[in-house]
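Inspection log for the structure reproduced underneath, given as structure tokens.
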Amino acid sequence: MLSRRDENAADTRRALVEGAAKLFAANGFENTSTDQIAAAARVTKGAVYHHFANKRALFQAALELVDEQTVAAIAASSRSATTPWEAVVAGLNAFLDRCLDPAYQQICFRDGPTALGFVQWWEHGERHVEGALEAALTALREDGSIITADATALSHVLYGSLSAAALAITRAEDKQTARESMGRILFELLEGRRPDVEKRYVAS
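Residues in the sequence shown are numbered from 24 upward in steps of one, following the numbering used here.
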């Protein structure tokens, strides 16, 4: 059981991360100060630096929060699925819909690569998304929904495609149209691993 002091510290940290996420989403990383974050969380600037070394560390925690929310949305979308294929379709659509959220776009795809550096940003996404993606693709392979010799390699390729799609949606002038176009291409890629498609390729 946490002590009252530990509970208060956890509450303060949560308020800082949630407040920072809102400010980063609205103003961007460069235009958000630690003073603004402290004011939003109703704590002193000293409290900010007690929990986080710098603004970059706070941004990383905010990115963690929005990624957790995305993973939760994907999981919720697939709960009613009756097959692994339905679960993957629902999850991919949930991810693409999430990419229409301006806050998610700003934190994850506009500021993430520059605030953290590309390598750390990419590895962060891999930790949150690619593991779940590999598990889903393994389930598809095991029930015969797709044919692949290596679910891990396929998850790397599909994760890269998802990231590129998200960046394209973020940068597009007409984001809804971009979301629909990216969705069609992603499903074409995945459909290409279906057994009936594989048989057509082999026969031709």
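Don't be surprised by glycine CBs; every beta carbon is placed ideally from N, CA and C.
Keep in mind the model is a prediction, meaning the values are calculated, not measured.
Residue i by DSSP, collapsed to three states: which one?
| i | result |
| --- | --- |
| residue 69 | helix |
| residue 75 | coil |
| residue 114 | helix |
| residue 122 | coil |
| residue 26 | coil |
| residue 47 | helix |
| residue 100 | helix |
| residue 139 | helix |
| residue 106 | coil |
| residue 54 | coil |
| residue 169 | coil |
| residue 217 | coil |
State the Cα-Cα distance for the pair residue i and residue j, rounded to the nearest angstrom.
| i | j | result |
| --- | --- | --- |
| residue 41 | residue 211 | 37 Å |
| residue 181 | residue 155 | 12 Å |
| residue 105 | residue 69 | 51 Å |
| residue 114 | residue 102 | 10 Å |
| residue 122 | residue 143 | 20 Å |
| residue 93 | residue 118 | 7 Å |
| residue 62 | residue 158 | 41 Å |
| residue 51 | residue 216 | 39 Å |
| residue 66 | residue 35 | 8 Å |
| residue 224 | residue 170 | Below a pLDDT of 50, predicted positions are generally treated as unreliable, and residue 224, at 42, falls in that range; the measurement from the model is reported next regardless. Residue 224 and residue 170: Cα-Cα distance of roughly 12 Å. |
| residue 99 | residue 145 | 24 Å |
| residue 54 | residue 91 | 24 Å |
| residue 150 | residue 27 | 32 Å |
| residue 77 | residue 136 | 17 Å |
| residue 195 | residue 56 | 28 Å |
| residue 213 | residue 120 | 18 Å |
Identify which residue in the options has its Cα closest to the Cα of residue i.
| i | options | result |
| --- | --- | --- |
| residue 230 | 71, 26, 109 and 27 | The chain is shown from 24 up to 227; residue 230 falls before or after that span and cannot be answered. |
| residue 218 | 209, 201 and 164 | 164 |
| residue 129 | 58, 216, 31 and 44 | 44 |
| residue 80 | 47, 110 and 124 | 47 |
| residue 208 | 33, 169 and 184 | 184 |
| residue 198 | 63, 150, 94 and 124 | 124 |
| residue 203 | 116, 166 and 179 | 116 |
| residue 141 | 216, 55, 65 and 186 | 186 |
| residue 95 | 107, 55, 152 and 178 | 152 |
| residue 75 | 166, 167, 32 and 108 | 32 |
| residue 89 | 161, 39, 127 and 30 | 127 |
| residue 107 | 162, 134, 136 and 137 | 162 |
Leaving out the 5 sequence neighbours to the left and right, which residues in its chain are closer than 7 Å to residue i when beta-carbon positions are compared?
| i | result |
| --- | --- |
| residue 191 | 201 and 205 |
| residue 315 | Outside the displayed range of the chain (24 to 227) lies residue 315, so it cannot be described from this structure. |
| residue 58 | 68 |
| residue 110 | 101, 104 and 159 |
| residue 73 | none |
Considering only heavy atoms of the ligand ATP, does any lie closer than 7 Å to the CB of residue i?
| i | result |
| --- | --- |
| residue 160 | Summarising the ligand content, the structure contains no ligands, and the ligand ATP is consequently not present. |
What residue range does the alpha helix (DSSP H) around residue i cover?
| i | result |
| --- | --- |
| residue 180 | 174-194 |
| residue 157 | 154-165 |
| residue 60 | 57-64 |
| residue 206 | 198-214 |
With a threshold of 8 Å on Cβ separation, who are the neighbours of residue i within its own chain once the five nearest residues in sequence on each side are excluded?
| i | result |
| --- | --- |
| residue 139 | 79, 82, 83, 86 and 147 |
For residue i, I'd like the list of residues in its chain whose CB is within less than 6 Å of its CB, leaving aside the five on either flank, ordered along the chain.
| i | result |
| --- | --- |
| residue 64 | 38, 39 and 42 |
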